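My numbering puts the first residue of the sequence shown at 4, with every later residue one more than the last. Notes for the one structure printed next.
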Amino acid sequence: MSIERTRAVMNRYWSADHGDVSMLADDVVFTLMPTGQESHGPEAVLNTLNEFYRAAFDAGVEPRMTIFDDGHAVFEGTFVGRHVGEFAGIPATGKTVHVPICIIYDVEDEQIKRARVYFELPVLMQQLTATTLPV
Numbered sequence: 004m005s006i007e008r009t010r011a012v013m014n015r016y017w018s019a020d021h022g023d024v025s026m027l028a029d030d031v032v033f034t035l036m037p038t039g040q041e042s043h044g045p046e047a048v049l050n051t052l053n054e055f056y057r058a059a060f061d062a063g064v065e066p067r068m069t070i071f072d073d074g075h076a077v078f079e080g081t082f083v084g085r086h087v088g089e090f091a092g093i094p095a096t097g098k099t100v101h102v103p104i105c106i107i108y109d110v111e112d113e114q115i116k117r118a119r120v121y122f123e124l125p126v127l128m129q130q131l132t133a134t135t136l137p138v
């Protein structure tokens, strides 16, 4: 798949804010690399993304850089959100978090086939559990 086609597929996916499952292959797999957790299939991927970006956090990403190659895309940015629901056993704190994120996508036949999500989970957990000392 050409660089131009890969870029077009990824731009459509990102423009839909992860909501267009037609951009995902039937056998798509998203892997959260720090934990090894996998989501298989478009609906499972969508559910995982919605849980993270909308239920546990009111969040989005601030892009820093994207790189495209034949059938591959790399996204680097910062996950920014407010902790509004339970995450990893931690009830909503209302805290705003800023966490580095990098995602590597494999694109085949005009659809996303795989994504490997490199997310600084220790940074997120530190931000959620840090306490502020009184002044």
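All residues carry an ideal CB built from backbone N, CA and C; glycine is no exception. Predicted, not measured: the structure shown is a model, and the values here were computed from it.
request  = Taking 7 Å as the cut-off, decide whether the C-beta atoms of A47 and F90 are in contact.
outcome  = For the purposes of this step, residue 47 is taken as the residue at position 44 of the sequence shown. For the purposes of this step, residue 90 is taken as the residue at position 87 of the sequence shown. Not in contact: A47 and F90 (Cβ atoms no closer than 7 Å).
Residue interval of the alpha helix (DSSP H) (run including A58) = As a position in the sequence shown, residue 58 is number 55, starting the count at 1. Per DSSP, A58 belongs to no alpha helix (DSSP H) and is neither H nor E.
Buried/exposed call for A220, threshold 16 Cβ in 10 Å = This structure does not reach residue 220, given that the chain is present from 4 up to 138, and the question cannot be answered.
key: Among V64, D73, D29, R117, nearest to P18 - alpha-carbon criterion   = To locate residue 18, count along the sequence shown from 1; it is residue 15. It should be noted that the sequence gives Ser, not Pro, for residue 18. Measuring from the Cα of S18, the nearest candidate turns out to be V64.
message = Using 8 Å as the cut-off, can you tell me whether the segment 100–107 makes contact with the segment 120–127, which would need three or more C-beta pairs spanning the two stretches below that distance?
response = yes
ask   = Where does M26 land, buried or exposed, given buried means 16+ other C-beta within 10 angstroms?
value = If you number the sequence shown from 1, residue 26 lands on position 23. Under this definition M26 is a buried residue.
request  = Closer than 8 Å by C-beta to T9: which residues in its own chain qualify, once you throw out the five before and the five after it? Chain order, please.
outcome  = Position 6 of the sequence shown holds residue 9. Contacts found: F71, D72, D73, G74, H75, A76, V110.
message = Our contact map puts F78 next to T69 with C-beta atoms below 8 Å; I'd like the distance itself, whole angstroms only.
response = Here the question's residue 78 lines up with position 75 in the sequence shown. Here the question's residue 69 lines up with position 66 in the sequence shown. That pair is a contact at about 5 Å.
query = On the premise that L131 lies in contact with T96, defined as a C-beta separation below 8 Å, what is that separation, rounded to the nearest angstrom?
reply = Taking the first residue of the sequence shown as 1, we reach residue 96 at position 93. Taking the first residue of the sequence shown as 1, we reach residue 131 at position 128. Rounded, the Cβ-Cβ distance is 6 Å, consistent with contact.
query = Going along the chain, which unbroken runs of the beta strand (DSSP E) with 3 or more residues stay wholly within the segment 50–127?
reply = 60–72, 75–86, 99–111, 114–122
key: Proximity of A28 and K98 at Cβ, strictly below 7 Å   = Translated into positions along the sequence shown, residue 28 becomes position 25. Translated into positions along the sequence shown, residue 98 becomes position 95. Contact: no.
task = Going by CA-CA distance only, name the one from Y56, G44, F55 that's closest to V31.
result = On the sequence shown, residue 31 is found 28 positions in, with the first residue counted as 1. For V31, the nearest C-alpha among the options comes from G44.
Neighbourhood of H101 by C-beta distance below 7 Å, restricted to the same chain and skipping five residues each side = Here residue 101 is taken as the residue at index 98 of the sequence shown, counted from 1. Correct list, in chain order: T81, V83.
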